[in-house]
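Only one structure is covered here, and it is reproduced in the block below.
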Amino acid sequence: MRIPEGIVSPALIIIGWLISVVMLYVVYYKTNYKVKDLTSIASMGAFIFVMQFIPIPLQVLFIIPFPIHLTISGIMIAILIIGPKRGMIAGSAAVILNHIFVLPSIGIMGVNLANMFITSLLIGSVFHQLYKRVMKELKILVALAAGISYVLIEGILIMLELIFFHNTVYTSDYIGVIFLAYIGVLAAIEGVFSAVIASYHSFSQTKDTKNVYDDPDELDDDTIEMLYPEHDDNNEEAENKENEKKIR
Amino acid sequence: MSNYILLDIKGNIDTLDPKSKVITTIFMVLGVSLSVEPFSVLIFGVFTIPLAIIYRPRSSFLKKAIYALPFSILFTLMIFFSIQEDITVNIFNFSRTYTRLQFALLVIFRFSVSILHTTILIESVSKSIDIIEAIAGLGINETIVSVLLLIDRISRKVQSDVNAKLLAARARGFTSKGFNSIIFRMRIYGNVFIKLSRYSDSLSDSLTARGFGGAFSHTGRGWSSDGIAVVLLGISLSVFTISIPLMR
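So the sequence lines, in the order shown, correspond to chains A and B. Using the working numbering, you'd call the opening residue of the first sequence number 15 and step up by one each time. Using the working numbering, you'd call the opening residue of the second sequence number 448 and step up by one each time.
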């Protein structure tokens with residue numbers, strides 16, 4: 015969901031660019047990221063970026079008359095899994111690449127980036143904390159709610175921008191109703207998709223397949239023991255002694 | 448035996464660095480977005496010709512710009528039907544009133560010129576990585592550049608994974624239609640997402656093993672006199688064209 019080039023007033027473009035530059039400064043400059051952080055952010059960004067090229071053919075269900083690209087759920091999943099700040103970085107990188115390479119529209123890029131930042135700031139932290147704390151089965155519901163909330167908030171934000179900055183007379187009630195209905199349907203679809211990806215993420219997190227997106231610093235001892243039983247300190251010492259004996 | 452000599456003479460202007468191209472295009476596109484008069488947009492539109500001569504894009508840039516046309520027509524129609532009365536567009540203390548048809552035509556014109564400018568930039572560099580390196584050359588934070596470069600690298604891997612899965616499905620005689628195609632795509636996304644998490648882990652390990660410290664070195668070129676001349680020309684034209692209506 016994005017505002018296309020050319021329809022908003024110059025004032026909104028200037029405000030959007032100012033907000034984006036400040037937010038980019040805050041999320042990129044104020045933190046030192048480790049290599050593992052960079053690769054997990056980049057892989058999330060790549061996932062969002064590539065998803066923009068593969069349309070979901072919803073016209074076959076006669077819900078929306080054209081295929082949609084699930085960008086928002088990608089951003090929301092990134093926020094849920096790697097945290098709001100890193101998720102915003104992944105999302106912003108994907109949005110920048112999208113506005114340069116997919117559908118060239120550099121002018122409106124600032125406004126769309128600002129919308130993403132504002133929405134992520136509003137709900138990112140809450141849903142990330144929820145996602146981290148709830149049990150595995152409930153993560154899907156959290157992702158569903160997060161996807162729906164993200165689309166609704168960003169949709170309403172876009173609508174307000176169009177009303178206040180588009181022009182002096184933005185009338186026609188039925189278009190507003192159609193737009194709200196579109197946002198509602200889109201929210202449901204993006205929510206379901208977020209839940210599907212979250213299910214893949216949460217149920218793939220077994221002892222055989224550790225998930226690298228999670229911050230290792232945040233793992234407690236029990237989880238580390240479950241994920242890496244072979245790296246138990248006592249086992250490690252015993253293994254070292256055995257190896258030494260073998261060498262001798 | 449061929450006894451001719453192939454002379455590949457390149458002038459300085461032909462080797463214009465991507466950094467100058469990126470800055471000039473950003474100013475031009477922002478200029479288009481901030482234009483409220485049709486003749487201002489026309490000036491930017493006419494200026495695509497000398498820019499195309501200077502940038503030397505591949506001939507496919509026109510085809511790419513035309514691909515975006517249906518999208519712009521769709522949004523113009525939405526704007527046309529969403530407006531019932533006249534529209535006033537403001538920039539600072541200048542305002543101009545349009546009928547809904549005039550405004551819709553202005554939007555499609557602005558959108559087309561903006562896309563033309565960006566497509567010329569994209570098609571004038573040999574690889575997408577050139578534009579990312581150009582961004583790095585502008586002194587932007589290394590984290591942004593590192594994330595963008597990693598996304599560029601990882602997204603190729605993701606694309607090949609998705610394509611391999613689609614081809615494998617087709618080779619096995621799977622034809623997805625209707626609701627099945629949506630389920631099929633969701634499965635692909637989920638699988639790719641999990642695979643990506645493992646790839647991110649191995650990438651992080653291999654980068655750390657090679658002594659990667661968090662910032663990629665890039666081969667950004669310095670400023671050339673031609674590059675500076677084109678940038679100054681772009682900025683001057685952009686500022687002048689936007690300020691024409693304000694000077695009245």
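Each residue gets a CB set at the ideal place from its N, CA and C atoms; glycine is no exception. From a predicted model like this one, the values you see are computed outputs, not experimental measurements.
B:571 is the residue among B:480, B:473, B:558, B:571 whose C-alpha sits nearest the C-alpha of residue 499 of chain B. Under the DSSP assignment, residue 465 of chain B falls in the alpha helix (DSSP H) whose first and last residues are 465-480. Contact with chain A is absent for residue 502 of chain B, since none of that chain's Cβ atoms lies less than 8 angstroms from the residue's Cβ.
Only 107, 108, 110, 111, 114, 115, 117, 118, 119, 120, 121, 122 from the region 107-129 of chain A bring a Cβ to less than 8 angstroms from some Cβ of chain B. Between the alpha carbons of residue 649 of chain B and residue 683 of chain B lies a distance of about 48 angstroms. When the alpha-carbon of residue 26 of chain A is set against those of A:137, A:173, A:86, A:55, the nearest one is in A:173. Beta-bridge partners of residue 545 of chain B (DSSP): B:534. Restricting attention to B:504, B:493, B:601, B:553, the CA atom closest to the CA of residue 61 of chain A is found in B:601.
Close to chain A, meaning a Cβ-Cβ distance shorter than 7 angstroms, is no residue of the region 676-689 of chain B at all.
Counted as a single uninterrupted DSSP element, the alpha helix (DSSP H) harbouring residue 491 of chain B occupies residues 485-493.
About 14 angstroms separates the CB atoms of residue 507 of chain B and residue 115 of chain A; that is not less than 8 angstroms, and the two are not in contact. Looking at the backbone, the Cα of residue 38 of chain A and that of residue 467 of chain B are separated by about 22 angstroms.
Two segments are said to touch when three or more pairs of C-beta atoms, one from each, lie closer than 8 angstroms; by this definition the region 94-113 of chain A touches the region 135-145 of chain A. Beta-carbon to beta-carbon, residue 165 of chain A and residue 15 of chain A are separated by about 7 angstroms, close enough to satisfy the 8 angstroms threshold. For residue 619 of chain B, no alpha helix (DSSP H) run applies, since DSSP gives it neither H nor E.
Around the beta carbon of residue 583 of chain B, 16 or more other beta carbons sit within 10 angstroms, so the residue counts as buried.
Annotated as distal: residue 90 of chain A and residue 131 of chain A, with beta-carbon spacing of 8 angstroms or more. From the listed residues B:485, B:463, B:464, B:491, the smallest Cα separation to residue 686 of chain B is found for B:491. By a beta-carbon distance limit of 8 angstroms, residue 591 of chain B contacts residue 42 of chain A. Their separation comes to about 5 angstroms. In this structure, residue 479 of chain B places its C-beta atom within 8 angstroms of the C-beta atom of residue 557 of chain B.
Interface criterion not met: the Cβ of residue 175 of chain A is under 8 angstroms from no Cβ in chain B.
Cβ-Cβ distances below 6 angstroms link residue 654 of chain B to nothing in the same chain once the five nearest sequence neighbours on each side are left out. Counting other Cβ atoms within 10 Å of its Cβ, residue 123 of chain A reaches 16 or more and is therefore classed as buried. Residue 134 of chain A does not reach chain B, its nearest Cβ partner there being about 16 angstroms away, counting only Cβ pairs nearer than 9 angstroms. In this structure, the CA atom of residue 157 of chain A is about 31 angstroms from the CA atom of residue 29 of chain A.
Cβ atoms of residue 522 of chain B and residue 21 of chain A come within 8 angstroms of each other, at about 7 angstroms. Interface residue (Cβ-Cβ distance to chain B less than 8 angstroms): residue 34 of chain A is not classified as such. For residue 178 of chain A, the number of other beta carbons within 10 angstroms of its own is below 16, and it is reported as exposed. Between residue 465 of chain B and residue 578 of chain B, the C-beta spacing is below 8 angstroms. Cβ neighbours of residue 167 of chain A within its own chain (closer than 8 angstroms, five residues either side excluded): 133, 136, 137. The Cβ atoms of residue 681 of chain B and residue 474 of chain B lie closer than 8 angstroms to each other. By the Cβ-count criterion, residue 670 of chain B is exposed, with fewer than 16 other Cβ atoms from all chains shown falling within 10 Å of its own Cβ. Using a CB distance cut-off of 8 angstroms, residue 197 of chain A does not count as an interface residue toward chain B. Inter-residue distance for residue 471 of chain B and residue 217 of chain A is about 48 angstroms (C-alpha atoms, whole angstroms).
One thing to note: residue 514 of chain B has its Cβ no nearer than 8 angstroms to the Cβ of residue 211 of chain A. Think of a sphere of 7 angstroms around the beta carbon of residue 486 of chain B: no beta carbon from chain A falls inside it, the nearest being about 16 angstroms out.
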